[in-house]
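One structure below.
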Amino acid sequence: MTVHKLMQACDIFDSRLQMLGNLMAKAQGQFAGEDRSLDDIMTARVAPDMLPFPYQIVFACNQPNGFAAWVMGEEAPETSAETMSWEELTAHITETRSRIEKCRAALDPSHLEKIKTINLPGEMYLELNGDDYLAEWLMPNFYFHVVTAYNLMRMKGLVIGKADYMQHLMPHVRQK
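Under the numbering used here, the residue at position 53 of the sequence shown is numbered 54, and the numbers go up by one with no gaps.
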């Protein structure tokens, strides 16, 4: 059961990152056809105090990268969104998906029982068991940034809808 939970996390990370990559490719094509700059998306924020689009992609990737590093006993890669181009962001998604694929061989149910420490700003930190690290830290943060990136692209005119977001379910769609 616990290996299944870890494998399921890999599947979720991979399929949602694939969706983000697909949406970015769609935006690139649509905006080129409309003679619009992707800078509209790159500088977009949901609110003035939130970070712009590149950070949403990098932070979405930070969760599966942290997961992969955790299961492989490595340090998570450090990535700065500050100067990343559209092409570098799409490459970052591809690299993150490759890292998730690589970590599948290292999945071990004992990870869910180990304590994970996450440093927070200031003098604070979180201390979570592996199960909570996955369910209460990685997944909520991952979905927050994935949905924020989706919303920013849509807000800036990318013609997408819920079916684009839920494309991971397409293999399960049947005709009546």
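Virtual Cβ for every residue (Gly too), placed ideally from N, Cα, C. Please read these numbers as outputs of a predicted model, since none were measured by experiment.
V174 sits exposed, since fewer than 16 C-beta atoms from the chains shown fall within 10 Å of its C-beta.
For T3, the uninterrupted alpha helix (DSSP H) run begins and ends at T3 to G34, by DSSP.
A contact between stretches requires three or more CB pairs, one per stretch, nearer than 8 Å, and the region 130-138 meets this requirement with the region 104-121. Secondary structure of T97 (DSSP, three-state): helix. Here DSSP, grouped into helix, strand and coil, assigns L108 to coil. DSSP, read as helix, strand or coil, puts T91 in helix. In the assembly as shown, Q9 is an exposed residue. Its beta-carbon has fewer than 16 other beta-carbons within 10 Å.
For I161, no beta strand (DSSP E) encloses it, and the DSSP letter there is neither H nor E.
Taking the C-beta atoms as reference points, L7 is found nearer than 7 Å to L108. Taking a cut-off of 8 Å on C-beta distances, the region 136-150 touches the region 53-66, as three or more cross pairs fall below it.
Rounded to the nearest angstrom, the Cβ distance from A45 to K163 is 20 Å, too far for a contact under 8 Å.
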